[in-house]
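Enquirer:
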Amino acid sequence: MFRIGSTRKSVGSKFLFPIFLTIFLFSSSWGEVFFEVGKHVLDNGLTVLTIEDHSTPAISYQVWYHVGSKNERPGLTGISHFLEHLMFKGSENVKAEEHSKIIQANGGVDNAWTWLDNTTFWENLPSDKLDLAAFLESDRQRSLSISQESFDSEKEVVKEERRWRTDNDLYGAMFEQLQNLLWVAHPYHWEVIGFMSDIEAITLEDVREHYRRYYAPNNATVVISGDFKTEEALNVIHKYYDDMPSQPPPPSVTTVEPEQLGERRADVHKIAQLPSFIVGYHIPEGGHPDIYPLEVAARILFTGQSSHVYQRLIYQDQIATFVDGAALTVEDPGLFYILVGIQSGHTTEEGEKALYEEIDKLKSEPVTEKELQKAKNQLEAEFIFDLESNSDKGEWVGYYETVLGDYSIMFEEPAKYQAVTAEDVVRVCKKYLDKKNRTVVTLIPEAPPEPGT
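In C-alpha coordinates, the structure reads:
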(Lines of atoms letter the chains of each structure in order from A; the text may use other names.)
(Lines give C-alpha, C1' and ligand atoms only; values in the text may rest on other atoms or scores of the structure.)
Protein backbone atom coordinates (compact mmCIF):
# COMPACT_ATOMS: atom_id res chain seq x y z
CA MET A 504 0.00 0.00 0.00
CA PHE A 505 1.49 3.27 -1.08
CA ARG A 506 1.38 6.29 1.21
CA ILE A 507 3.17 9.57 1.12
CA GLY A 508 3.85 12.20 3.76
CA SER A 509 5.18 15.70 3.20
CA THR A 510 7.62 16.43 6.00
CA ARG A 511 7.82 19.78 7.72
CA LYS A 512 11.57 19.87 7.60
CA SER A 513 14.35 17.87 6.08
CA VAL A 514 15.90 15.20 8.25
CA GLY A 515 18.85 13.22 6.80
CA SER A 516 15.22 12.21 3.69
CA LYS A 517 -9.92 7.10 21.73
CA PHE A 518 -11.84 5.85 28.47
CA LEU A 519 -15.53 5.23 27.68
CA PHE A 520 -14.49 1.62 28.25
CA PRO A 521 -11.18 -0.17 27.85
CA ILE A 522 -10.75 -2.46 24.89
CA PHE A 523 -7.76 -4.70 24.80
CA LEU A 524 -7.67 -6.48 21.51
CA THR A 525 -6.27 -9.94 21.11
CA ILE A 526 -3.02 -10.94 19.52
CA PHE A 527 -3.12 -10.90 15.77
CA LEU A 528 -1.09 -13.55 14.04
CA PHE A 529 -0.65 -14.23 10.38
CA SER A 530 1.42 -16.70 8.47
CA SER A 531 3.19 -16.01 5.24
CA SER A 532 5.81 -17.40 2.98
CA TRP A 533 8.23 -15.21 4.95
CA GLY A 534 7.42 -16.69 8.34
CA GLU A 535 5.21 -15.31 11.10
CA VAL A 536 4.67 -11.75 12.27
CA PHE A 537 2.67 -10.89 15.33
CA PHE A 538 2.36 -8.17 17.86
CA GLU A 539 -0.22 -7.19 20.41
CA VAL A 540 -2.10 -3.92 20.09
CA GLY A 541 -4.12 -2.40 22.91
CA LYS A 542 -6.90 0.02 22.03
CA HIS A 543 -8.19 2.39 24.69
CA VAL A 544 -10.70 5.26 24.39
CA LEU A 545 -10.74 8.13 26.87
CA ASP A 546 -13.97 9.83 28.00
CA ASN A 547 -13.14 12.80 25.75
CA GLY A 548 -12.88 10.56 22.67
CA LEU A 549 -9.10 10.34 22.38
CA THR A 550 -8.06 6.98 20.95
CA VAL A 551 -4.86 5.45 22.34
CA LEU A 552 -3.13 2.51 20.67
CA THR A 553 -0.32 0.75 22.52
CA ILE A 554 2.26 -1.65 21.08
CA GLU A 555 4.73 -3.09 23.58
CA ASP A 556 8.11 -4.19 22.23
CA HIS A 557 10.91 -4.57 24.77
CA SER A 558 13.65 -5.50 22.29
CA THR A 559 15.31 -2.06 22.50
CA PRO A 560 15.07 0.69 25.17
CA ALA A 561 13.25 3.13 22.90
CA ILE A 562 9.74 4.31 22.06
CA SER A 563 7.93 5.99 19.21
CA TYR A 564 5.19 8.44 20.25
CA GLN A 565 2.86 9.51 17.45
CA VAL A 566 -0.23 11.72 17.31
CA TRP A 567 -2.50 11.25 14.31
CA TYR A 568 -5.11 13.91 13.55
CA HIS A 569 -7.88 12.93 11.14
CA VAL A 570 -7.49 16.03 9.02
CA GLY A 571 -5.61 16.66 5.80
CA SER A 572 -5.92 18.63 2.60
CA LYS A 573 -9.18 16.76 1.88
CA ASN A 574 -10.81 18.69 4.74
CA GLU A 575 -10.12 22.08 3.19
CA ARG A 576 -12.12 24.23 0.81
CA PRO A 577 -11.28 26.61 -2.04
CA GLY A 578 -9.78 29.73 -0.55
CA LEU A 579 -8.19 27.81 2.33
CA THR A 580 -6.22 25.13 0.51
CA GLY A 581 -2.95 24.32 2.26
CA ILE A 582 -4.20 25.34 5.70
CA SER A 583 -3.69 21.86 7.19
CA HIS A 584 -0.04 21.83 6.15
CA PHE A 585 0.39 25.45 7.28
CA LEU A 586 -1.00 24.54 10.72
CA GLU A 587 1.43 21.62 10.92
CA HIS A 588 4.27 24.14 10.64
CA LEU A 589 2.72 26.41 13.26
CA MET A 590 2.42 23.58 15.79
CA PHE A 591 6.14 24.14 16.44
CA LYS A 592 5.65 27.84 17.25
CA GLY A 593 5.00 27.48 20.96
CA SER A 594 2.31 26.58 23.48
CA GLU A 595 1.47 27.48 27.08
CA ASN A 596 4.49 25.73 28.56
CA VAL A 597 6.83 25.42 25.58
CA LYS A 598 8.42 28.37 23.82
CA ALA A 599 8.49 28.79 20.05
CA GLU A 600 10.94 26.42 18.32
CA GLU A 601 11.72 24.71 21.66
CA HIS A 602 9.77 21.50 21.03
CA SER A 603 12.37 19.93 18.75
CA LYS A 604 15.26 21.28 20.81
CA ILE A 605 13.87 19.58 23.93
CA ILE A 606 13.43 16.31 22.05
CA GLN A 607 16.99 16.46 20.71
CA ALA A 608 18.42 17.35 24.13
CA ASN A 609 16.80 14.18 25.46
CA GLY A 610 18.33 11.92 22.82
CA GLY A 611 15.42 11.88 20.40
CA VAL A 612 14.30 12.99 16.98
CA ASP A 613 10.95 14.38 15.86
CA ASN A 614 9.11 15.50 12.77
CA ALA A 615 5.64 15.87 11.27
CA TRP A 616 3.87 15.40 7.96
CA THR A 617 0.58 16.32 6.33
CA TRP A 618 -1.16 14.26 3.69
CA LEU A 619 -4.55 14.07 2.00
CA ASP A 620 -6.39 12.49 4.96
CA ASN A 621 -4.19 13.03 8.02
CA THR A 622 -1.66 15.16 9.84
CA THR A 623 0.87 13.28 11.95
CA PHE A 624 3.42 14.34 14.57
CA TRP A 625 6.01 11.96 16.00
CA GLU A 626 8.91 11.62 18.39
CA ASN A 627 11.35 8.72 18.68
CA LEU A 628 12.94 8.76 22.12
CA PRO A 629 14.64 6.66 24.80
CA SER A 630 12.00 4.64 26.63
CA ASP A 631 12.31 6.64 29.87
CA LYS A 632 11.12 9.79 28.04
CA LEU A 633 7.48 8.73 27.49
CA ASP A 634 6.24 11.28 30.03
CA LEU A 635 8.13 14.02 28.19
CA ALA A 636 6.63 13.10 24.82
CA ALA A 637 3.09 13.04 26.23
CA PHE A 638 3.64 16.39 27.95
CA LEU A 639 4.95 18.08 24.82
CA GLU A 640 2.28 16.74 22.48
CA SER A 641 -0.63 17.35 24.85
CA ASP A 642 0.56 20.88 25.58
CA ARG A 643 0.50 21.96 21.96
CA GLN A 644 -2.75 20.10 21.32
CA ARG A 645 -4.55 22.05 24.08
CA SER A 646 -2.78 25.42 24.16
CA LEU A 647 -1.10 26.32 20.88
CA SER A 648 0.09 29.91 21.02
CA ILE A 649 0.83 31.67 17.73
CA SER A 650 1.83 35.31 17.50
CA GLN A 651 1.12 37.36 14.41
CA GLU A 652 4.86 37.71 13.92
CA SER A 653 5.42 33.93 13.98
CA PHE A 654 2.45 33.44 11.67
CA ASP A 655 3.72 35.95 9.11
CA SER A 656 7.25 34.55 9.22
CA GLU A 657 6.12 30.93 8.80
CA LYS A 658 3.86 31.88 5.91
CA GLU A 659 6.94 32.91 3.97
CA VAL A 660 8.55 29.55 4.79
CA VAL A 661 5.48 27.70 3.48
CA LYS A 662 5.40 29.81 0.33
CA GLU A 663 9.04 28.99 -0.33
CA GLU A 664 8.30 25.30 0.22
CA ARG A 665 5.51 25.61 -2.35
CA ARG A 666 7.99 27.07 -4.81
CA TRP A 667 10.66 24.38 -4.48
CA ARG A 668 8.31 21.40 -4.09
CA THR A 669 5.84 22.30 -6.85
CA ASP A 670 6.37 25.48 -8.84
CA ASN A 671 10.05 24.91 -9.55
CA ASP A 672 10.04 21.11 -9.53
CA LEU A 673 9.27 19.34 -12.79
CA TYR A 674 7.53 16.34 -11.32
CA GLY A 675 5.86 18.34 -8.56
CA ALA A 676 4.31 20.58 -11.21
CA MET A 677 3.25 17.56 -13.27
CA PHE A 678 1.67 15.80 -10.31
CA GLU A 679 -0.25 18.95 -9.32
CA GLN A 680 -1.65 19.18 -12.84
CA LEU A 681 -2.60 15.51 -12.64
CA GLN A 682 -4.48 16.07 -9.38
CA ASN A 683 -6.19 19.19 -10.72
CA LEU A 684 -7.32 17.36 -13.83
CA LEU A 685 -8.17 13.92 -12.47
CA TRP A 686 -10.27 15.06 -9.48
CA VAL A 687 -12.64 17.79 -10.63
CA ALA A 688 -15.12 17.74 -7.70
CA HIS A 689 -13.47 15.95 -4.78
CA PRO A 690 -11.00 17.94 -2.62
CA TYR A 691 -8.14 15.63 -3.60
CA HIS A 692 -8.20 18.11 -6.50
CA TRP A 693 -5.53 20.26 -4.83
CA GLU A 694 -2.05 19.51 -3.58
CA VAL A 695 -1.38 19.22 0.16
CA ILE A 696 0.75 22.37 -0.01
CA GLY A 697 -2.24 24.33 -1.38
CA PHE A 698 -2.48 27.01 -4.04
CA MET A 699 -0.12 29.96 -3.65
CA SER A 700 -2.94 32.54 -3.65
CA ASP A 701 -4.67 30.65 -0.82
CA ILE A 702 -1.48 30.42 1.25
CA GLU A 703 -1.08 34.16 0.87
CA ALA A 704 -4.72 34.83 1.86
CA ILE A 705 -4.94 32.55 4.93
CA THR A 706 -5.26 34.56 8.15
CA LEU A 707 -4.18 33.79 11.70
CA GLU A 708 -7.85 33.46 12.70
CA ASP A 709 -8.40 30.96 9.87
CA VAL A 710 -5.63 28.82 11.32
CA ARG A 711 -6.93 29.13 14.88
CA GLU A 712 -10.39 27.98 13.76
CA HIS A 713 -8.90 25.03 11.86
CA TYR A 714 -6.96 24.11 15.00
CA ARG A 715 -10.05 24.33 17.25
CA ARG A 716 -12.13 22.23 14.86
CA TYR A 717 -9.74 19.44 13.97
CA TYR A 718 -7.18 19.15 16.79
CA ALA A 719 -9.73 18.00 19.38
CA PRO A 720 -9.08 14.73 21.28
CA ASN A 721 -12.10 13.07 19.63
CA ASN A 722 -10.43 13.64 16.26
CA ALA A 723 -7.02 12.30 17.30
CA THR A 724 -5.23 9.01 17.87
CA VAL A 725 -2.12 8.60 20.03
CA VAL A 726 0.07 5.63 19.11
CA ILE A 727 2.80 4.48 21.50
CA SER A 728 5.15 1.78 20.28
CA GLY A 729 8.20 0.33 22.00
CA ASP A 730 9.68 -0.38 25.40
CA PHE A 731 7.03 0.52 28.00
CA LYS A 732 4.34 -1.10 30.14
CA THR A 733 0.82 -0.38 28.94
CA GLU A 734 -0.62 0.28 32.40
CA GLU A 735 2.08 2.83 33.16
CA ALA A 736 1.71 4.45 29.74
CA LEU A 737 -2.04 4.82 30.23
CA ASN A 738 -1.45 6.51 33.57
CA VAL A 739 0.72 9.05 31.74
CA ILE A 740 -1.95 9.54 29.08
CA HIS A 741 -4.64 10.10 31.73
CA LYS A 742 -2.42 12.65 33.48
CA TYR A 743 -1.97 14.81 30.40
CA TYR A 744 -5.13 14.25 28.35
CA ASP A 745 -8.09 13.58 30.68
CA ASP A 746 -8.93 17.27 31.18
CA MET A 747 -8.76 18.07 27.47
CA PRO A 748 -12.34 18.80 26.32
CA SER A 749 -13.86 17.12 23.30
CA GLN A 750 -15.38 19.19 20.50
CA PRO A 751 -18.33 18.70 18.14
CA PRO A 752 -17.37 16.19 15.43
CA PRO A 753 -15.88 18.00 12.43
CA PRO A 754 -17.87 17.96 9.20
CA SER A 755 -17.36 14.98 6.90
CA VAL A 756 -16.35 15.25 3.28
CA THR A 757 -19.45 14.17 1.34
CA THR A 758 -18.48 15.08 -2.22
CA VAL A 759 -18.21 12.03 -4.47
CA GLU A 760 -16.05 12.35 -7.58
CA PRO A 761 -18.27 11.77 -10.64
CA GLU A 762 -17.36 9.04 -13.08
CA GLN A 763 -14.82 10.14 -15.67
CA LEU A 764 -16.33 9.69 -19.13
CA GLY A 765 -13.34 10.34 -21.35
CA GLU A 766 -9.61 10.83 -21.50
CA ARG A 767 -8.27 14.13 -20.16
CA ARG A 768 -4.97 15.72 -21.15
CA ALA A 769 -2.78 18.63 -20.16
CA ASP A 770 0.69 19.87 -21.03
CA VAL A 771 3.20 21.37 -18.63
CA HIS A 772 5.80 23.63 -20.23
CA LYS A 773 8.94 23.83 -18.11
CA ILE A 774 12.66 24.31 -18.56
CA ALA A 775 13.88 20.74 -18.93
CA GLN A 776 16.27 18.65 -20.98
CA LEU A 777 13.97 15.75 -21.79
CA PRO A 778 10.22 15.16 -22.01
CA SER A 779 8.25 12.91 -19.70
CA PHE A 780 4.63 12.01 -19.04
CA ILE A 781 2.45 10.81 -16.21
CA VAL A 782 -0.70 8.72 -16.65
CA GLY A 783 -3.33 8.45 -13.92
CA TYR A 784 -6.45 6.32 -13.45
CA HIS A 785 -9.19 6.52 -10.83
CA ILE A 786 -9.20 3.51 -8.48
CA PRO A 787 -11.24 2.66 -5.35
CA GLU A 788 -10.56 3.71 -1.79
CA GLY A 789 -8.07 1.96 0.47
CA GLY A 790 -9.35 -1.36 1.76
CA HIS A 791 -11.58 -2.02 -1.26
CA PRO A 792 -11.18 -5.63 -2.50
CA ASP A 793 -9.96 -4.44 -5.91
CA ILE A 794 -7.00 -2.61 -4.37
CA TYR A 795 -5.08 -5.86 -3.87
CA PRO A 796 -5.10 -7.05 -7.52
CA LEU A 797 -4.38 -3.45 -8.57
CA GLU A 798 -1.27 -3.42 -6.39
CA VAL A 799 -0.22 -6.75 -7.86
CA ALA A 800 -0.77 -5.29 -11.35
CA ALA A 801 1.38 -2.28 -10.44
CA ARG A 802 4.14 -4.61 -9.28
CA ILE A 803 4.00 -6.63 -12.52
CA LEU A 804 3.77 -3.60 -14.77
CA PHE A 805 6.36 -1.12 -13.56
CA THR A 806 8.01 -2.04 -10.27
CA GLY A 807 11.59 -3.22 -10.64
CA GLN A 808 13.80 -4.06 -13.57
CA SER A 809 11.94 -7.28 -14.38
CA SER A 810 8.59 -5.50 -14.69
CA HIS A 811 6.85 -5.47 -18.07
CA VAL A 812 7.00 -1.73 -18.72
CA TYR A 813 10.60 -1.47 -17.54
CA GLN A 814 11.66 -4.34 -19.81
CA ARG A 815 9.77 -2.93 -22.80
CA LEU A 816 10.48 0.80 -22.59
CA ILE A 817 14.00 0.77 -21.15
CA TYR A 818 15.62 -2.48 -22.30
CA GLN A 819 13.77 -3.51 -25.45
CA ASP A 820 12.70 -0.27 -27.14
CA GLN A 821 15.20 1.95 -25.28
CA ILE A 822 12.84 4.90 -25.37
CA ALA A 823 12.67 5.64 -21.63
CA THR A 824 15.19 6.71 -19.00
CA PHE A 825 13.06 5.66 -16.02
CA VAL A 826 9.67 4.21 -15.11
CA ASP A 827 7.92 4.79 -11.79
CA GLY A 828 4.43 4.65 -10.35
CA ALA A 829 2.13 3.32 -7.64
CA ALA A 830 -1.39 2.49 -6.60
CA LEU A 831 -2.09 5.46 -4.30
CA THR A 832 -4.57 4.20 -1.73
CA VAL A 833 -6.26 6.78 0.46
CA GLU A 834 -9.49 7.20 2.47
CA ASP A 835 -11.62 8.06 -0.55
CA PRO A 836 -11.20 6.71 -4.11
CA GLY A 837 -7.56 7.06 -5.09
CA LEU A 838 -5.15 6.98 -7.99
CA PHE A 839 -3.09 4.51 -10.02
CA TYR A 840 -0.30 6.34 -11.81
CA ILE A 841 2.72 5.68 -14.02
CA LEU A 842 5.50 8.23 -14.60
CA VAL A 843 7.82 7.76 -17.58
CA GLY A 844 10.93 9.75 -18.54
CA ILE A 845 11.68 9.76 -22.27
CA GLN A 846 15.09 9.10 -23.78
CA SER A 847 16.75 11.68 -26.03
CA GLY A 848 15.70 11.17 -29.65
CA HIS A 849 12.31 9.70 -28.73
CA THR A 850 8.86 11.12 -28.08
CA THR A 851 6.20 10.85 -25.41
CA GLU A 852 3.89 9.48 -28.10
CA GLU A 853 6.22 6.51 -28.51
CA GLY A 854 6.35 6.02 -24.77
CA GLU A 855 2.58 6.17 -24.37
CA LYS A 856 2.00 3.72 -27.22
CA ALA A 857 4.37 1.16 -25.72
CA LEU A 858 2.96 1.66 -22.21
CA TYR A 859 -0.64 1.12 -23.32
CA GLU A 860 0.37 -1.97 -25.28
CA GLU A 861 1.85 -3.48 -22.12
CA ILE A 862 -1.27 -2.61 -20.13
CA ASP A 863 -3.45 -4.16 -22.84
CA LYS A 864 -1.43 -7.37 -22.65
CA LEU A 865 -2.34 -7.68 -18.97
CA LYS A 866 -5.99 -7.35 -19.96
CA SER A 867 -5.84 -10.18 -22.48
CA GLU A 868 -2.99 -12.45 -21.36
CA PRO A 869 -3.10 -13.65 -17.74
CA VAL A 870 0.33 -13.67 -16.15
CA THR A 871 1.98 -16.97 -15.34
CA GLU A 872 1.55 -18.44 -11.86
CA LYS A 873 5.28 -17.95 -11.26
CA GLU A 874 5.21 -14.24 -12.09
CA LEU A 875 2.00 -13.73 -10.12
CA GLN A 876 3.44 -15.43 -7.04
CA LYS A 877 6.64 -13.41 -7.30
CA ALA A 878 4.66 -10.15 -7.29
CA LYS A 879 2.52 -11.26 -4.35
CA ASN A 880 5.53 -12.40 -2.35
CA GLN A 881 7.29 -9.09 -2.97
CA LEU A 882 4.27 -7.12 -1.75
CA GLU A 883 3.92 -9.32 1.31
CA ALA A 884 7.62 -9.14 2.10
CA GLU A 885 7.65 -5.34 1.85
CA PHE A 886 4.65 -5.15 4.16
CA ILE A 887 6.32 -7.39 6.74
CA PHE A 888 9.71 -5.69 6.55
CA ASP A 889 7.96 -2.34 7.04
CA LEU A 890 6.95 -3.50 10.53
CA GLU A 891 10.46 -3.90 11.92
CA SER A 892 10.96 -0.72 13.94
CA ASN A 893 8.87 0.96 16.64
CA SER A 894 8.18 3.92 14.41
CA ASP A 895 7.21 1.71 11.45
CA LYS A 896 4.75 -0.30 13.53
CA GLY A 897 3.30 2.90 14.94
CA GLU A 898 2.96 4.46 11.54
CA TRP A 899 1.13 1.50 10.01
CA VAL A 900 -1.19 1.11 13.00
CA GLY A 901 -1.88 4.86 13.08
CA TYR A 902 -2.53 4.99 9.37
CA TYR A 903 -5.01 2.10 9.35
CA GLU A 904 -6.85 3.39 12.43
CA THR A 905 -7.02 7.02 11.32
CA VAL A 906 -7.40 6.79 7.56
CA LEU A 907 -9.03 3.39 7.01
CA GLY A 908 -11.01 3.34 10.25
CA ASP A 909 -9.66 0.21 11.96
CA TYR A 910 -6.04 -0.71 12.61
CA SER A 911 -6.82 -4.44 12.85
CA ILE A 912 -7.50 -4.80 9.12
CA MET A 913 -3.79 -4.30 8.47
CA PHE A 914 -3.20 -7.82 9.75
CA GLU A 915 -5.40 -9.17 6.95
CA GLU A 916 -3.23 -7.65 4.22
CA PRO A 917 -0.81 -10.55 3.56
CA ALA A 918 -3.68 -13.03 3.09
CA LYS A 919 -5.44 -10.61 0.76
CA TYR A 920 -2.33 -10.27 -1.39
CA GLN A 921 -1.90 -14.04 -1.52
CA ALA A 922 -5.57 -14.53 -2.53
CA VAL A 923 -5.16 -12.50 -5.73
CA THR A 924 -5.49 -14.60 -8.90
CA ALA A 925 -4.32 -14.00 -12.46
CA GLU A 926 -7.98 -13.56 -13.40
CA ASP A 927 -8.32 -10.84 -10.74
CA VAL A 928 -5.45 -8.94 -12.33
CA VAL A 929 -7.04 -9.18 -15.78
CA ARG A 930 -10.40 -8.03 -14.37
CA VAL A 931 -9.13 -4.93 -12.56
CA CYS A 932 -6.92 -3.88 -15.48
CA LYS A 933 -9.95 -4.02 -17.78
CA LYS A 934 -12.13 -2.18 -15.27
CA TYR A 935 -9.82 0.63 -14.17
CA LEU A 936 -6.93 0.97 -16.66
CA ASP A 937 -9.30 2.07 -19.40
CA LYS A 938 -8.87 4.98 -21.80
CA LYS A 939 -12.09 6.68 -20.62
CA ASN A 940 -10.73 6.61 -17.08
CA ARG A 941 -7.32 7.96 -18.10
CA THR A 942 -5.71 11.34 -17.43
CA VAL A 943 -2.38 12.22 -19.04
CA VAL A 944 -0.01 15.08 -18.22
CA THR A 945 2.94 15.65 -20.56
CA LEU A 946 6.07 17.64 -19.76
CA ILE A 947 7.08 19.75 -22.77
CA PRO A 948 10.72 20.84 -22.38
CA GLU A 949 11.56 24.47 -22.90
CA ALA A 950 15.00 25.94 -23.33
CA PRO A 951 16.26 28.28 -20.60
CA PRO A 952 16.10 31.99 -21.47
CA GLU A 953 19.10 33.54 -23.09
CA PRO A 954 21.38 35.45 -20.70
CA GLY A 955 20.27 39.04 -20.36
CA THR A 956 16.72 38.41 -21.52
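Anchor point for the sequence shown: position 88 equals 591 in this note's numbering, and the numbering is continuous, going up by one each time. Heads up, the beta-carbon is just placed ideally off N, CA and C, and yes, glycines get one too.
Can you check the segment 703 to 778 for any alpha helix (DSSP H) of at least 4 residues that lies completely inside it and give the ranges in chain order?
Expert: Within the segment 703 to 778, the complete alpha helix (DSSP H) runs of at least 4 residues are 707 to 717, 733 to 744.
Enquirer: Express the C-alpha separation of Ala599 and Thr924 in angstroms, rounding to a whole number.
Expert: Straight-line Cα distance between these residues: approximately 54 Å.
Enquirer: Could you tell me whether the Cβ atoms of Pro720 and Tyr744 are closer together than 8 Å?
Expert: Their beta carbons are under 8 Å apart, which means Pro720 touches Tyr744 by this criterion.
Enquirer: Excluding the 5 residues flanking Leu936 on each side, which residues of the same chain have their C-beta closer than 6 Å to its C-beta?
Expert: Excluding residues within five positions, the ones whose Cβ falls inside 6 Å are Tyr784, Ile862.
Enquirer: Assign Gly789 to one of two classes, buried (16 or more other C-beta atoms within 10 Å of its C-beta) or exposed (fewer than that).
Expert: Classification for Gly789: buried.
Enquirer: Could you spell out where the alpha helix (DSSP H) holding Lys919 opens and where it closes?
Expert: Start and end: 916 to 921.
Enquirer: By the three-class DSSP mapping on this structure, what secondary structure does Gly581 have?
Expert: Note: Gly581 maps to coil in three-state DSSP.
Enquirer: Keeping to the same chain, check which residues put their C-beta closer than 6 Å to that of Gly593; ignore five residues upstream and five downstream.
Expert: These residues qualify, in order along the chain: Ala599, Ser648.
Enquirer: By the three-class DSSP mapping on this structure, what secondary structure does Lys864 have?
Expert: Here Lys864 sits in helix by DSSP.
Enquirer: Could you check whether Ile817 and Glu853 sit closer than 8 Å to each other, using their CB atoms as the reference points?
Expert: In this structure, Ile817 does not lie closer than 8 Å to Glu853 by Cβ.
Enquirer: Look up Gly854 in the DSSP assignment and say whether it is helix, strand or coil.
Expert: If DSSP states are grouped into helix, strand and coil, Gly854 belongs with the helices.
Enquirer: CA-CA distance, Thr758 and Pro577?
Expert: Distance between the alpha carbons of Thr758 and Pro577: 14 Å.
Enquirer: In this structure, what does DSSP give as the bridge partners for His785?
Expert: DSSP, once it has assigned bridges, lists Leu838 as partnering His785.
Enquirer: Cutting at 6 Å between CB atoms, please list the residues of its own chain near Val570, excluding the five before and the five after it.
Expert: Counting only Cβ-Cβ distances below 6 Å, and skipping sequence neighbours, we find Ser583, Thr622, Tyr717.
Enquirer: Would you mind reading off the limits of the beta strand (DSSP E) that contains Asp827?
Expert: Counting along the chain, the beta strand (DSSP E) containing Asp827 begins and ends at 823 to 831.
Enquirer: Ends of the alpha helix (DSSP H) at Lys879?
Expert: Its alpha helix (DSSP H) spans residues 872 to 888.
Enquirer: Hey, how far is the Cα of Leu589 from the Cα of Glu657?
Expert: Distance between the alpha carbons of Leu589 and Glu657: 7 Å.
Enquirer: Given Asp895, which residues of its chain have a CB within under 6 Å of its CB, disregarding the five upstream and five downstream residues?
Expert: Around Asp895: Asp889.
Enquirer: I'd like to confirm the pairing. Which residues does DSSP put opposite Thr623 in its beta bridges?
Expert: Partner(s): Trp567, Trp616.
Enquirer: In whole angstroms, what separates the C-alpha of Ile606 from that of Asp631?
Expert: Approximately 12 Å between the Cα atoms of the pair.
Enquirer: Work out the CA separation of Trp899 and Ile887 for me, nearest whole Å.
Expert: Using only the alpha carbons, I get a separation of about 11 Å.
Enquirer: Going by other Cβ atoms of all chains shown within 10 Å of its Cβ, with 16 needed for buried, is Trp667 buried or exposed?
Expert: Flag for Trp667 reads exposed.
Enquirer: List the endpoints of the continuous alpha helix (DSSP H) containing Thr905.
Expert: Taken as a continuous stretch (DSSP letters only), the alpha helix (DSSP H) holding Thr905 covers 893 to 905.
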